[in-house]
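Only one structure is covered here, and it is reproduced in the block below.
Residue numbers (the numbering used here): 13 to 318.
Below you can see the structure in the form of structure tokens.
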């Protein structure tokens, strides 16, 4: 018989070389750093999502600071400056998110060309969901600041009534607030009324705060209107997405229950053979106790039972 062991070894060596070549193709230096367009897109999505969370935290902090200032008759200049800095940060972050959303927005020509593409639908979905979250957050911030403005105006109105300046009507008060200059506003109040210095300082401070607030509201409104129309058009699609997500969550929950029931059934199935094996020796013991004469007569049946 011919010894062909060396041929088998050569075959193993050649297969090893093929494996090495295959591995070399997979881990070729530099390929790990080359990301696909989808990887780049999802990285941008993660960045936008993190920025929206950051914006949400800043809006929450803005609300807290506004409540604090409203509760302070004469807020310190540092408090008002901190509030204004926070408004500026929110506006800047809002502009950055708006630009990032614009960067990942599928172009109309590309969307029309790849309308039925799973990748394109995924991109449109991600952009739509993030845009809606952003618009809702900016809208909330805008509404919150508008409410804050009204509370400041109410404080001024209340202060005027306390100082016997109740003859200033709501319309006249709005006209004075729209004057745009604190000096004009104060002079209009002093012209027909006698107001204490402390009350005047508070009224002037509130008016200055309202002016800054109105500028912030206008700028945030510009950011809001940029995406609001588009999000409204995408609303139906996003609602369908939300419904599908909720349905998927329901399916997952029910699937987990089915898995749990299956595992319990498997445990019971594993215990059943063990119980049968444990019962076998006791059956043999009972057979051993049968009288020999009876066993001889019914031997065939006895073995069948065993």
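Backbone N, C-alpha and C fix where the C-beta goes; we use that ideal spot for every residue, glycine too.
N- and C-terminal bounds of the alpha helix (DSSP H) containing residue i
i           : result
residue 117 : First-last for residue 117: undefined, no H or E at that position.
Residue i classed as buried or exposed, judged by whether at least 16 other C-beta atoms fall within 10 angstroms
i           : result
residue 147 : buried
residue 43  : Per-residue confidence for residue 43 stands at a pLDDT of 43, beneath the threshold of 50, marking its modelled position as unreliable; no derived number is given.
residue 308 : Only weak support exists for where residue 308 lies, its pLDDT of 44 falling under 50; the coordinates are left without a value.
residue 143 : buried
residue 119 : exposed
residue 46  : In this prediction, residue 46 has a pLDDT of 44, which is less than 50 and means its spatial position is unreliable; what the coordinates show is noted afterwards. Its Cβ having fewer than 16 others within 10 Å, residue 46 is exposed.
residue 104 : exposed
residue 79  : exposed
residue 130 : exposed
residue 170 : exposed
residue 145 : buried
residue 135 : buried
residue 138 : buried
residue 141 : buried
residue 332 : This structure gives no information on residue 332, because the portion of the chain shown stretches from 13 to 318.
residue 99  : buried
residue 67  : buried
residue 218 : buried
Within 8 Å, do at least three Cβ pairs link the segment 216–231 to the segment 158–165? When C-beta atoms of the segment 158–165 are compared with those of the segment 216–231, three or more pairs fall below 8 Å, so the two segments count as touching.
Is it true that the segment 69–80 meets the segment 152–160, where meeting means three or more beta-carbon pairs spaced less than 8 Å apart? Three or more Cβ pairs closer than 8 Å define a contact, and the segment 69–80 meets that threshold against the segment 152–160.
Taking contact to mean 3 or more Cβ pairs, one atom from each stretch, closer than 8 Å, check whether the segment 50–64 and the segment 105–119 are in contact. yes
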